[in-house]
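Q: 113 is the number that the UniProt record's numbering gives to position 113 of the sequence shown; each next residue is one higher, with no gaps. C-beta: ideal position from N, C-alpha, C; glycine also. This is the structure I want to talk about, given as C-alpha cells.
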Amino acid sequence: MEKTVVLYPGLAVSHFVPMLQLADALLEAGYAVTVALIDPSLKPDIAFAAAVDDAAVTKPAVTFHTLPTIRDPPTIIYDAHFLLGYFKLVSRYNQHLHEFLCSMRDAGSVHALVMDMLSVEALDVAKKLGVPAYTFYPSNASALATSLQISSVRAAEKETSFGEMGDALLDLHGVPPVPASHLFAELLESPETESHKAPSYFITFAYILKPVRMDDKAVRSGSYLGQSCIT
Numbered sequence: 001m002e003k004t005v006v007l008y009p010g011l012a013v014s015h016f017v018p019m020l021q022l023a024d025a026l027l028e029a030g031y032a033v034t035v036a037l038i039d040p041s042l043k044p045d046i047a048f049a050a051a052v053d054d055a056a057v058t059k060p061a062v063t064f065h066t067l068p069t070i071r072d073p074p075t076i077i078y079d080a081h082f083l084l085g086y087f088k089l090v091s092r093y094n095q096h097l098h099e100f101l102c103s104m105r106d107a108g109s110v111h112a113l114v115m116d117m118l119s120v121e122a123l124d125v126a127k128k129l130g131v132p133a134y135t136f137y138p139s140n141a142s143a144l145a146t147s148l149q150i151s152s153v154r155a156a157e158k159e160t161s162f163g164e165m166g167d168a169l170l171d172l173h174g175v176p177p178v179p180a181s182h183l184f185a186e187l188l189e190s191p192e193t194e195s196h197k198a199p200s201y202f203i204t205f206a207y208i209l210k211p212v213r214m215d216d217k218a219v220r221s222g223s224y225l226g227q228s229c230i231t
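Okay, here's the thing in C-alpha cells:
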C-alpha cells in the first residue's frame with residue numbers, strides 16, 4: 001500500500017510554498033501527499049489564498065483537503081499578540097484535523113503528519129492517534145539556530161525582558177551576536193505576559209523528519225535537535 005504523508009501548512013505564503021516544495025520531494029521519493037488546510041479565507045491575505053489556488057491547479061499529484069470551518073472563527077490581528085491568537089486558532093481546528101486523520105487512517109494510508117512550525121498545537125492530535133508527527137521549519141538556518149537557543153537565554157535572564165535589554169547583544173551559537181531589540185515583537189514583552197505563557201510559543205524548531213517519535217517533554221522544552229529522514 002502506498003505510504004501517505006499528510007502536510008499541515010501554516011497560513012502564510014512564506015510557510016506554505018516551502019512545504020509544497022517538501023511535497024515535491026516526497027512525491028519524488030515515492031510517497032503520496034495530502035495537504036490538510038485551515039480555510040485560507042480566515043486569514044485576510046490575498047496572496048496566501050492565491051498561492052493555495054495555484055498549488056491546487058499546478059500540483060495534480062497532491063491531494064488538497066480544506067478542513068471544515070470552525071464556528072465563530074477568530075479574526076487574526078497582526079499585533080504584538082499575533083502568535084498567541086494564531087496558536088488558539090490552530091488549536092480550535094484540532095478536532096477537525098483529528099476526524100480527517102481518522103478517516104484516512106481507517107483506509108490504512110497515514111504514514112506521517114508534517115505540520116508547520118506554528119501549528120504544533122496539532123501534536124496532541126497525532127499523539128492521540130499514534131501517528132508519527134514532525135514539525136517543518138521553513139526559515140533559514142540562522143533563524144533556526146536562534147530559535148533553538150532563545151528559550152534558554154530567556155530563562156537565564158529570568159525577570160528581564162528582551163525589550164528591556166535594548167540593543168544588548170545576545171551571544172548565540174552559530175550566528176553573529178544579535179541585538180535583543182532585533183527579535184520579533186512577542187519576545188520583547190515581559191516574561192509575565194500571556195504570550196510567554198503559551199505552551200507552544202518557543203517551539204519553533206523542527207523534528208527534522210526523524211522516523212521515531214520524539215519524547216513530548218523534550219519537544220515542549222525545546223531541548224531536542226535530531227537529524228534523519230522519513231522512511
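1) Which of the three DSSP states is assigned to methionine 115 in this structure?
2) So, is serine 147 buried or exposed, given that buried needs 16 or more other C-beta atoms within 10 angstroms?
3) Express the C-alpha separation of valine 52 and proline 18 in angstroms, rounding to a whole number.
4) Cβ of phenylalanine 64 within 7 Å of Cβ of valine 110?
5) Using DSSP with H/G/I as helix, E/B as strand and the rest coil, what is residue 234?
6) Just mark glycine 10 as buried or exposed, buried being the case when its beta carbon has 16 or more other beta carbons within 10 Å.
7) Pick helix, strand or coil for valine 212, following the three-state DSSP scheme.
8) Mind checking whether alanine 32 and threonine 4 have CB atoms under 7 Å apart?
9) To the nearest angstrom, how far is the alpha carbon of proline 60 from that of valine 114?
A: Reading it off the structure:
1) Annotated three-state conformation of methionine 115 is strand, per DSSP.
2) buried
3) 12 Å
4) Taking 7 Å as the cut-off, the Cβ atoms of phenylalanine 64 and valine 110 do not count as close.
5) Here the chain has residues from 1 to 231 only, and residue 234 is not among them.
6) buried
7) Below a pLDDT of 50, predicted positions are generally treated as unreliable, and valine 212, at 38, falls in that range; no measurement from the model is reported.
8) The answer is yes: Cβ separation under 7 Å.
9) 20 Å
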